[in-house]
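Trainee:
In my numbering, the protein residues as written are 8 to 94.
#1: Out of 18, 11, 22, which has the shortest C-alpha to C-alpha gap to residue 64?
#2: Return the residue from the list 35, 87, 68 that minimises the CA-CA distance to residue 59.
#3: Is residue 89 helix, strand or coil by DSSP?
#4: Considering only DSSP beta bridges, list what residue 62 is partnered with.
#5: Do you know how far the Cα of residue 52 is from the Cα of residue 40?
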């Protein structure tokens with residue numbers, strides 16, 4: 008299983024995260040840079056299986072809370088095809 012790490016010591020905003028996500032998974036230019044587009048990418052737009060790890064992630068950071076919840080939900084929905092954890 009491929010493992011992808013997103014280092015939140017280097018990601019300061021949601022636009023920063025989207026840019027890194029698009030670059031990592033080679034998504035098209037028309038990717039929407041929003042949670043709905045991210046959900047679509049996770050569930051049908053990227054090659055699975057994959058493990059996604061958030062390092063230096065502060066679960067108290069309210070700006071990133073919806074992102075964290077989306078990845079948790081995707082992990083449940085994809086039943087083993089996407090593994091997610093944060094450190």
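The beta-carbon is built from N, C-alpha and C at its ideal position, and this holds for glycine as well.
Mentor: Taking the geometry as given:
#1: 18
#2: 87
#3: strand
#4: 14
#5: So the alpha carbons of these two residues sit roughly 14 Å apart.
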